[in-house]
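A.B. asks: Here it is, the structure, as C-alpha cells.
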Amino acid sequence: MLTKEEELRLYEYDGSVETGRPDCVVFPGNKSEVAEIARLVNRYAVPMVGRGAGTGLSGGALAREGGVQVVFSRMNRILAVDYENQRAVVEPGVVNLELSRAVARAGLQYAPDPSSQKSCTIGGNVSENAGGPHTLRYGVTTNHILGLEVVMPDGETYRIGGAAVDAPGYDLVGLFVGSEGTLGLVVEITAKLTRLPESVKTLLAVFETTDDATETVAALTARGITPAACEMMDGWTIRVVESWIHAGLPTDAGAILLIEVDGPKEAAEEQAEAVVETCRAHKAREVRTAKDEREREALWKARKNAFGAVGRVAPDCYVQDGVIPRTRLPETLRRIAEIGKRHGFEVGNIFHAGDGNLHPMLCFDHREPGTFERAMAAASEIIALCVEMGGSITGEHGVGMEKDRLMPLLFSEADLELMKRVRGALNPAGLLNPGKLFPASKSCGEIRAPAMGRGPNELGEGVRGVTQR
Amino acid sequence: MNGSAEKLAQALAAIAGEANTSGDPHEIGKYAIHGVTPKALVRPANAEEIAEILRMCAAEKLGVVTRGAGTKIGMGGSPERYDVALVTTRLEQVHGYDPGDLTLSVEAGAHMADVSKLLGEHGQFLPLSVPYQKRATIGGTVASGVDSPLRQGYGSARDFLLGAEFVTGDGTRAKSGGRVVKNVAGYDLHKLFIGSLGTLGVLTKINFKTFPVAEADGGFLASFREETGAIDFVRRIAQSAVAPATLEILSPAMAALLGGQTDLGGMGMDSEGWRAASAGWAVIAGFGGSKKVLRRFETDLGGMASESGAAQAISLDGGTNRSVAERLREAIPLLLDASPATTVVRASVLPSRMGEIFAASRRSGEKHGIRVAIVARGVGIVYTAFLPETSEEKIFERLAAAASEVVTAAEAAQGFGWIPWCPDGLKRRALIWGSGRPDAALMRKLKLVFDPQAILSPGRFFGGI
Numbered sequence: 006m007l008t009k010e011e012e013l014r015l016y017e018y019d020g021s022v023e024t025g026r027p028d029c030v031v032f033p034g035n036k037s038e039v040a041e042i043a044r045l046v047n048r049y050a051v052p053m054v055g056r057g058a059g060t061g062l063s064g065g066a067l068a069r070e071g072g073v074q075v076v077f078s079r080m081n082r083i084l085a086v087d088y089e090n091q092r093a094v095v096e097p098g099v100v101n102l103e104l105s106r107a108v109a110r111a112g113l114q115y116a117p118d119p120s121s122q123k124s125c126t127i128g129g130n131v132s133e134n135a136g137g138p139h140t141l142r143y144g145v146t147t148n149h150i151l152g153l154e155v156v157m158p159d160g161e162t163y164r165i166g167g168a169a170v171d172a173p174g175y176d177l178v179g180l181f182v183g184s185e186g187t188l189g190l191v192v193e194i195t196a197k198l199t200r201l202p203e204s205v206k207t208l209l210a211v212f213e214t215t216d217d218a219t220e221t222v223a224a225l226t227a228r229g230i231t232p233a234a235c236e237m238m239d240g241w242t243i244r245v246v247e248s249w250i251h252a253g254l255p256t257d258a259g260a261i262l263l264i265e266v267d268g269p270k271e272a273a274e275e276q277a278e279a280v281v282e283t284c285r286a287h288k289a290r291e292v293r294t295a296k297d298e299r300e301r302e303a304l305w306k307a308r309k310n311a312f313g314a315v316g317r318v319a320p321d322c323y324v325q326d327g328v329i330p331r332t333r334l335p336e337t338l339r340r341i342a343e344i345g346k347r348h349g350f351e352v353g354n355i356f357h358a359g360d361g362n363l364h365p366m367l368c369f370d371h372r373e374p375g376t377f378e379r380a381m382a383a384a385s386e387i388i389a390l391c392v393e394m395g396g397s398i399t400g401e402h403g404v405g406m407e408k409d410r411l412m413p414l415l416f417s418e419a420d421l422e423l424m425k426r427v428r429g430a431l432n433p434a435g436l437l438n439p440g441k442l443f444p445a446s447k448s449c450g451e452i453r454a455p456a457m458g459r460g461p462n463e464l465g466e467g468v469r470g471v472t473q474r
Numbered sequence: 048m049n050g051s052a053e054k055l056a057q058a059l060a061a062i063a064g065e066a067n068t069s070g071d072p073h074e075i076g077k078y079a080i081h082g083v084t085p086k087a088l089v090r091p092a093n094a095e096e097i098a099e100i101l102r103m104c105a106a107e108k109l110g111v112v113t114r115g116a117g118t119k120i121g122m123g124g125s126p127e128r129y130d131v132a133l134v135t136t137r138l139e140q141v142h143g144y145d146p147g148d149l150t151l152s153v154e155a156g157a158h159m160a161d162v163s164k165l166l167g168e169h170g171q172f173l174p175l176s177v178p179y180q181k182r183a184t185i186g187g188t189v190a191s192g193v194d195s196p197l198r199q200g201y202g203s204a205r206d207f208l209l210g211a212e213f214v215t216g217d218g219t220r221a222k223s224g225g226r227v228v229k230n231v232a233g234y235d236l237h238k239l240f241i242g243s244l245g246t247l248g249v250l251t252k253i254n255f256k257t258f259p260v261a262e263a264d265g266g267f268l269a270s271f272r273e274e275t276g277a278i279d280f281v282r283r284i285a286q287s288a289v290a291p292a293t294l295e296i297l298s299p300a301m302a303a304l305l306g307g308q309t310d311l312g313g314m315g316m317d318s319e320g321w322r323a324a325s326a327g328w329a330v331i332a333g334f335g336g337s338k339k340v341l342r343r344f345e346t347d348l349g350g351m352a353s354e355s356g357a358a359q360a361i362s363l364d365g366g367t368n369r370s371v372a373e374r375l376r377e378a379i380p381l382l383l384d385a386s387p388a389t390t391v392v393r394a395s396v397l398p399s400r401m402g403e404i405f406a407a408s409r410r411s412g413e414k415h416g417i418r419v420a421i422v423a424r425g426v427g428i429v430y431t432a433f434l435p436e437t438s439e440e441k442i443f444e445r446l447a448a449a450a451s452e453v454v455t456a457a458e459a460a461q462g463f464g465w466i467p468w469c470p471d472g473l474k475r476r477a478l479i480w481g482s483g484r485p486d487a488a489l490m491r492k493l494k495l496v497f498d499p500q501a502i503l504s505p506g507r508f509f510g511g512i
C-alpha cells in the first residue's frame with residue numbers, strides 16, 4: 006500500500022493525456038483481499054478504481070475523483086492451462102504477451118494483441134475490450150473471454166459465464182467485458198486460447214498515395230479477403246518511424262500497407278497471391294513478402310513501435326481512436342488531412358485499416374501557447390467526422406475520461422440514461438470508477454470524497470491491514 | 048370477449064390500427080403459449096408504436112410476450128401474465144446493407160430467408176444457420192439464442208452482433224453498439240438480448256457483421272462404432288490445421304432420424320450409403336475454401352479418421368455437403384416431430400467432457416425406458432433429445448427425471464444444462480433452467496432496469512425472471 010505524495014504521483018497517469026491522483030494505492034495479493042478492500046471502501050464511501058499496467062489510452066484506470074486505486078500487479082499468476090480444451094484461467098494482472106508465450110510451446114496463443122501487449126494486463130484488456138492488429142481475423146477481447154470472477158462494489162463475489170460456452174441467462178460476460186471497470190473488479194478470467202496458424206505470410210505493399218492504399222483496403226474487404234491483419238501507415242509516419250527503427254521502410258512512399266494472411270499452408274499461399282493481385286490492381290508500386298521470420302519481425306517491429314518513434318519527434322502526441330465503415334476510408338482520410346491543415350497540423354496516420362479503425366496522430370508542443378487547445382479541437386472534429394461517416398467515437402481505446410463528453414454524438418439521452426441505470430443497478434453508490442464513460446451531469450451527484458490515506462485514518466489503516474496479513 | 052379484453056383491443060387499435068389488432072378469441076387462440084391465451088394481439092408497424100404500446104401496458108401492468116414468426120415460442124417457462132401478444136413481423140425493412148463494409152442493419156421482424164437471399168446475391172451470408180430457417184425472423188433468432196452448426200467456424204451471435212435498437216419495458220426507445228465492426232463506446236447492452244426470450248425489451252433493429260461465402264465447400268463424414276472414437280476424432284481436428292465451419296457429432300439414433308425419413312437422393316448418397324456411413328456414431332464436418340484447401344482438409348481428415356479408428360469415412364462434395372448441412376440445421380424441428388413429447392436438454396461443457404453427457408443421456412434413457420437421440424457440436428454443446436412413444440401424463444414423471452438427470456450431469460461436469468424444449472406439462476416439473484446460479488441475482492437487477500414493471504414475458508426466463 007502506498008500513501009506518500011511522491012509515490013501516488015506515479016499512479017496519476019496512464020497512456021492517455023489525462024490525469025487523476027488516487028489518495029491511496031493498494032496492491033491486493035488475491036481475490037479475497039480484493040473483496041475485503043471493496044467492503045471497506047464501501048463502508049467508508051470513497052471511490053475505488055482498478056488498474057492493471059496503466060497502459061490505457063483513455064484514462065479508464067485513473068482515479069478521477071481520488072480514492073483507493075486497486076493495482077493488480079501482484080495478482081499475476083496463470084492459474085491453469087487446459088491445453089486439450091484450449092482454455093486458460095488467469096489472474097487479472099497477467100501480462101497479455103506472457104500468456105501467449107506460456108502456451109506457445111503447445112501451438113497455442115491468446116489471440117487479442119494490443120500494441121502494448123508486452124506490458125498491458127489481461128484484466129485491463131477485459132475492462133477496455135482491447136483490440137489489436139490481429140483482431141481483424143481473430144476478434145477483439147470479448148470474443149475470447151468465456152468466464153469471469155468479479156468482485157462487486159459491495160464486496161460480493163460472483164462467477165459469471167464459465168469454462169463452457171453459453172451459460173443460460175443474460176450474457177453478463179458480454180456486458181462486463183468493455184465496461185471500463187465501472188461495474189465490478191475482475192479478479193479471475195477464463196479465456197479461450199487459439200491455435201497458432203500453420204503458416205503466416207507477411208506482405209508490405211508500397212503506394213504513391215494514401216488514396217491508393219485506402220482503396221486497396223476497401224477492395225480487399227469487398228473481395229471477401231480477410232487477412233489476419235491489415236495495417237496502414239502514411240508517408241509522414243513512415244519517415245518518422247524509419248528514422249528511428251530502420252526497418253527498411255520506403256521513405257519516399259505515400260503510404261504502406263502491412264498485410265498478414267495466415268491459416269493452413271495452402272490457404273495462406275492463395276490469400277497472399279490474392280492480396281498481391283489486389284494491391285497491384287490498385288497501383289501498388291511494390292509488394293514485398295517477408296522471406297523469413299526475421300524480416301517478418303522487422304516489419305512488425307516498425308508497426309508496434311511506431312507510437313514510440315513518433316514520441317521522439319514531438320514533445321506531445323495525441324493519438325486518436327475512431328472507427329468508420331471501410332467503404333468510407335479514402336474519403337475520411339482526405340477529410341482528416343483537411344481538418345489537420347485547418348488547425349495547423351500535419352496528421353500522421355497509422356491504423357488498423359482492415360477494421361476501419363483509425364488512429365490519427367496530432368503532434369504538438371504544449372509549451373507553445375494555444376497548440377494544446379488547437380490539437381484538442383482538431384481531435385474533436387475528427388471524431389465527429391467518424392460519427393458522421395456512420396462510425397464510432399472509439400474502436401479500442403475506450404471512452405474513459407477522454408471521450409465522456411463525446412458520448413452524446415453517438416447516443417441519445419435515453420440511451421445514456423439506460424446505460425447509467427445499468428451502472429446504477431450493479432454499482433449503486435457510484436463508488437467504482439466514478440466520473441467515467443458518461444458526460445458529467447447534475448444528476449450524477451458524484452462528489453469528490455474527502456482525502457484519505459495521507460495521514461493515519463481508519464480506512465487507510467483498514468486497507469493496510471488487509472494487504473499486510 | 049369480455050369487457051376488459053375488448054377495451055384492451057380498442058386501446059391497442061388506437062395505436063396500431065384496427066387491421067393490426069385483434070381480440071377475436073379464434074385468432075388469439077393461435078398465439079397461446081403452453082395453453083395460456085392472450086387477451087389481444089397487436090402487430091405494430093414501427094418502434095414508435097411499440098414504445099406506445101409498452102408504455103400503456105406498463106401503466107396497466109399488462110403482461111406482454113413478443114414474438115416474430117413464433118417458431119421457437121415454446122422455449123422457456125409459461126408466462127405468468129400474458130395479456131398482449133406483440134408480433135414484430137411488420138418490422139421487416141433492411142435499413143442498411145453495405146456489402147463493401149460487410150455490415151447489415153435490419154429490422155427485427157425481417158425473415159431469415161429473405162435476409163439470406165439478399166446477402167447471397169452479394170456473395171455473403173450471416174452465420175446463423177438456425178432451425179426453421181424458412182419462417183424464422185431475425186429478432187426471434189437473436190432473442191431465442193438458438194445456435195447454429197456454423198458456430199464451430201464463426202462463433203455465435205454474440206461474436207457478430209454489432210449493435211441493436213430496442214424498446215424497453217417502460218416504453219423507452221434506446222440503442223447500444225453501432226454499425227461498424229469494431230466499437231467499444233458504451234455498454235454492450237445488445238449482447239444481453241441474445242437468448243433473453245423477450246424479457247428485457249423488444250428488439251426493433253439489429254446490426255450484424257456479414258461474411259463472404261467461400262469459393263467452394265465440401266464435407267466429410269466418418270462413422271465410429273463407439274462414441275469414444277467420434278470424440279477422439281473431434282479432439283484431433285481441434286488440434287490440427289483443419290478449420291471446419293461445422294463439426295457435428297450424431298448418435299446412431301440421430302443419424303437414423305436425419306437420414307431415415309426422407310429420400311436421400313438429394314443428399315448425393317443413397318439410403319444404403321447413408322445407413323452404412325451412419326451405422327454408429329457419425330461425425331460430420333463441413334468446410335469452405337479453395338479447391339486446393341478442400342483437398343488438403345479431406346486428406347488430413349481421412350488420416351485423422353483412421354487414426355481414431357473410423358469404421359467408414361467419406362468425403363462429401365459441395366452439393367451433398369449443403370443438403371446434409373440443411374438437414375443438420377433443422378435437427379431440432381426434426382426431433383420435435385419425432386415424438387409426441389420430445390424433450391430436449393441443451394448441455395454445454397468443455398469439449399473433452401462431452402462423453403460424460405453422452406453416457407449420462409444413455410443411462411437416463413435406459414433407466415427410464417425412453418428412446419434417446421443426440422446431436423452435439425464440436426465446441427462442446429450437446430443436445431440430448433428424449434423421444435417417448437407417448438405424450439400421456441404417466442410418462443411425464445419419468446421424462447422429467449431423465450431430462451433433469453442430464454441437466455445435473457452437465458452441471459457436474461462444470462458446464463451448464465437446461466431444457467429449451469419439452470411438453471407444456473413438464474415445464475414445472477423439470478429443471479428447465481438448470482439448478483440455478485448465484486449470478487441470477489445480478490440478472491434480476493438488470494431485469495429491473497430494463498423492465499421495472501416486469502411486464503415482458505414474466506416468468507419465462509432463467510432465475511425466475
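Chains A and B supply the protein sequences, listed in that same order.
Using the working numbering, read the first sequence as starting at 6 and increasing by one per residue.
Using the working numbering, read the second sequence as starting at 48 and increasing by one per residue.
All C-beta atoms, glycine included, are put in the ideal place defined by N, C-alpha and C.
Can you pull out the residues from the stretch 389–419 of chain A whose beta carbon lies closer than 8 angstroms to at least one beta carbon of chain B?
C.D. replies: Those would be G395, G396, S397, I398, T399, G400, E401, H402, G403, V404, K408, M412, L415, F416, S417, A419, in chain order.
A.B. asks: Could you compute how far the alpha carbon of B:T257 sits from the alpha carbon of B:L173?
C.D. replies: On the second sequence, residue 257 of chain B is found 210 positions in, with the first residue counted as 1. On the second sequence, residue 173 of chain B is found 126 positions in, with the first residue counted as 1. If I take the Cα positions, the gap works out to 5 angstroms.
A.B. asks: Since A:A260 and A:T214 are thought to touch, with beta carbons under 8 angstroms apart, how far apart are those beta carbons, to the nearest angstrom?
C.D. replies: Indexing the first sequence from 1 puts residue 260 of chain A at position 255. Indexing the first sequence from 1 puts residue 214 of chain A at position 209. That pair is a contact at about 7 angstroms.
A.B. asks: Closer than 8 angstroms, Cβ to Cβ, to anything on chain A: give me those residues from the stretch 213–226 of chain B, in chain order.
C.D. replies: Cβ contacts with chain A: T215, T219, R220, A221, K222, S223, G225, R226.
A.B. asks: From B:L247, B:F509, B:L446, pick the residue whose C-alpha is nearest to that of A:V427; which is it?
C.D. replies: On the first sequence, residue 427 of chain A is found 422 positions in, with the first residue counted as 1. Among B:L247, B:F509, B:L446, the Cα nearest to that of A:V427 is on B:L247.
A.B. asks: So if DSSP puts B:W480 in a beta bridge, which residue, or which two residues, is it bridged to?
C.D. replies: For the purposes of this step, residue 480 of chain B is identified with residue 433 of the second sequence, where counting begins at 1. The partner list for B:W480 (beta bridge, DSSP) is empty, contrary to what the question assumes.
A.B. asks: Give the DSSP-derived three-state secondary structure of A:K441 in the structure shown.
C.D. replies: Taking the first sequence and counting its residues from 1, one reaches residue 441 of chain A at position 436. Correct three-state label for A:K441: coil.
A.B. asks: Short check: CB of B:A98 to CB of B:R137, under 8 angstroms?
C.D. replies: One-based indexing of the second sequence puts residue 98 of chain B at position 51. One-based indexing of the second sequence puts residue 137 of chain B at position 90. No, the pair does not count as a contact, with Cβ atoms beyond the cut-off.
A.B. asks: Counting Cβ pairs, one atom from each stretch, are 3 or more of them under 8 angstroms apart for the stretch 429–444 of chain B and the stretch 390–398 of chain B?
C.D. replies: The stretch 429–444 of chain B vs the stretch 390–398 of chain B: in contact.
A.B. asks: Quick check: what's the CA-CA separation for B:F213 versus B:G412?
C.D. replies: For the purposes of this step, residue 213 of chain B is taken as the residue at position 166 of the second sequence. For the purposes of this step, residue 412 of chain B is taken as the residue at position 365 of the second sequence. Their backbone Cα atoms lie some 42 angstroms apart in a straight line.
A.B. asks: Could you give the distance in angstroms between the alpha-carbon of B:G335 and the alpha-carbon of B:L363?
C.D. replies: Taking the first residue of the second sequence as 1, we reach residue 335 of chain B at position 288. Taking the first residue of the second sequence as 1, we reach residue 363 of chain B at position 316. Roughly 12 angstroms separates the two Cα atoms.
A.B. asks: When we look at the beta-carbon of A:E11 and count the other beta-carbons within 10 Å, is it buried (16 or more) or exposed?
C.D. replies: Position 6 of the first sequence holds residue 11 of chain A. The residue is exposed, with fewer than 16 neighbouring Cβ atoms inside 10 Å.
A.B. asks: If you draw a straight line from the alpha carbon of B:Q140 to that of B:L101, how long is it in whole angstroms?
C.D. replies: If you number the second sequence from 1, residue 140 of chain B lands on position 93. If you number the second sequence from 1, residue 101 of chain B lands on position 54. Each residue's alpha carbon lies about 22 angstroms from the other.
A.B. asks: Below 8 angstroms, can you find three or more Cβ-Cβ pairs linking the stretch 21–32 of chain A to the stretch 86–95 of chain A?
C.D. replies: Flag = no, the stretch 21–32 of chain A and the stretch 86–95 of chain A do not touch.
A.B. asks: Would you mind working out which of B:F405, B:S223, B:I278 sits nearest B:L250, comparing C-alpha positions?
C.D. replies: Residue 250 of chain B sits at position 203 when you count from the first residue of the second sequence. With distances taken between Cα atoms, B:L250 lies closest to B:S223.
A.B. asks: Under 8 angstroms, Cβ to Cβ, is there at least one residue of chain A near B:L473?
C.D. replies: Mapped onto the second sequence, residue 473 of chain B falls at position 426. No, no contact with chain A.
A.B. asks: In chain order, what residues of the same chain lie with their CB nearer than 7 angstroms to the CB of B:R507, ignoring the 5 residues before and after it?
C.D. replies: Your numbering for residue 507 of chain B matches position 460 in the second sequence. Excluding positions up to five away in sequence, the list reads G123, G124, P126, L244, T246.
A.B. asks: For A:R142, I'd like the list of residues in its chain whose CB is within less than 8 angstroms of its CB, leaving aside the five on either flank, ordered along the chain.
C.D. replies: The residue you call residue 142 of chain A lines up with position 137 of the first sequence. The answer, listed in chain order, is T231, P232, A233, A234, D267.
A.B. asks: DSSP three-state call for A:G450: helix, strand or coil?
C.D. replies: As a position in the first sequence, residue 450 of chain A is number 445, starting the count at 1. Note that A:G450 scores a pLDDT of 39, beneath 50, so its modelled location is shaky; the value from the coordinates is reported in the next line. In this structure, A:G450 counts as coil in the three-state DSSP scheme.
A.B. asks: Using a beta-carbon distance cut-off of less than 7 angstroms, what residues from the stretch 210–234 of chain A approach chain B?
C.D. replies: The stretch 210–234 of chain A vs chain B, Cβ under 7 angstroms: A223, T226, A227, G229.
A.B. asks: Cβ closer than 8 angstroms: which chain B residues qualify as neighbours of A:E282?
C.D. replies: Sequence index remark: in the first sequence, residue 282 of chain A carries index 277 (1-based). Chain B residues near A:E282: none, gap ~14 angstroms exceeds 8 angstroms.
A.B. asks: On the DSSP bridge assignment, give the partners of A:L363 in chain order.
C.D. replies: Within the first sequence, the letter at position 358 stands for residue 363 of chain A. A:G327, per the DSSP bridge assignment.
A.B. asks: Quick test of the definition: if touching needs 3 or more C-beta pairs under 8 angstroms, does the stretch 435–442 of chain A touch the stretch 53–60 of chain A?
C.D. replies: Yes, the stretch 435–442 of chain A is in contact with the stretch 53–60 of chain A.
A.B. asks: Spatial neighbours of A:C284 within its chain, please: C-beta separation below 6 angstroms, excluding the five flanking residues on both sides.
C.D. replies: Position 279 of the first sequence, counted from the first residue, corresponds to residue 284 of chain A. If we look at A:C284 and ignore the five residues flanking it on each side, its Cβ neighbours are A210, T221, V292.
A.B. asks: Give the straight-line distance between the Cα atoms of B:R424 and B:G464, rounded to the nearest whole angstrom.
C.D. replies: By one-based count along the second sequence, residue 424 of chain B stands at place 377. By one-based count along the second sequence, residue 464 of chain B stands at place 417. Going by the C-alpha atoms only, they are around 15 angstroms apart.
A.B. asks: Step through the CB atoms of chain B and report whether any lies within less than 8 angstroms of the CB of A:V86.
C.D. replies: Residue mapping note: residue 86 of chain A aligns to position 81 of the first sequence, counting from 1. No, A:V86 does not count as interfacial toward chain B.
A.B. asks: Does the distance from the CB of B:L239 to the CB of B:L493 come in under 8 angstroms?
C.D. replies: For the purposes of this step, residue 239 of chain B is taken as the residue at position 192 of the second sequence. For the purposes of this step, residue 493 of chain B is taken as the residue at position 446 of the second sequence. Yes.
A.B. asks: Could you tell me the alpha carbon to alpha carbon distance between B:G156 and B:G186, rounded to whole angstroms?
C.D. replies: Mapped onto the second sequence, residue 156 of chain B falls at position 109. Mapped onto the second sequence, residue 186 of chain B falls at position 139. If you take the alpha carbons of B:G156 and B:G186, they lie about 6 angstroms apart.
A.B. asks: Using the rule of at least 16 other Cβ atoms within 10 Å of the residue's Cβ for burial, across every protein chain shown, is A:T242 buried or exposed?
C.D. replies: Walking along the first sequence from the start, residue 242 of chain A turns up at place 237. Per the 10 Å Cβ criterion, buried.
A.B. asks: Ignore the nearest five residues each way along the sequence and tell me which others in B:E444's own chain have a CB closer than 6 angstroms to its CB.
C.D. replies: On the second sequence, position 397 is the one that residue 444 of chain B refers to. Correct list: empty, nothing qualifies.
A.B. asks: Starting from the C-beta of B:A300, find all residues in its chain whose C-beta is less than 6 angstroms away, skip the five residues before and the five after it, and write them out in chain order.
C.D. replies: Counting from 1 along the second sequence, the entry for residue 300 of chain B is found at position 253. Only A420 meet the Cβ criterion.
A.B. asks: What does A:A227 pair with, by DSSP beta-bridge criteria?
C.D. replies: Locating residue 227 of chain A in the first sequence gives position 222, counting from the first residue. Answer is none; A:A227 lacks a bridge partner.
A.B. asks: Can you list, in chain order, the residues of its chain whose CB lies under 6 angstroms from that of A:L62, leaving out five sequence neighbours each side?
C.D. replies: Position 57 of the first sequence, counted from the first residue, corresponds to residue 62 of chain A. Within the same chain, A:L62 has close Cβ partners G20, S21, H402.
A.B. asks: Measuring straight from C-alpha to C-alpha, what distance separates B:D217 and A:G59?
C.D. replies: If you number the second sequence from 1, residue 217 of chain B lands on position 170. If you number the first sequence from 1, residue 59 of chain A lands on position 54. If you take the alpha carbons of B:D217 and A:G59, they lie about 40 angstroms apart.
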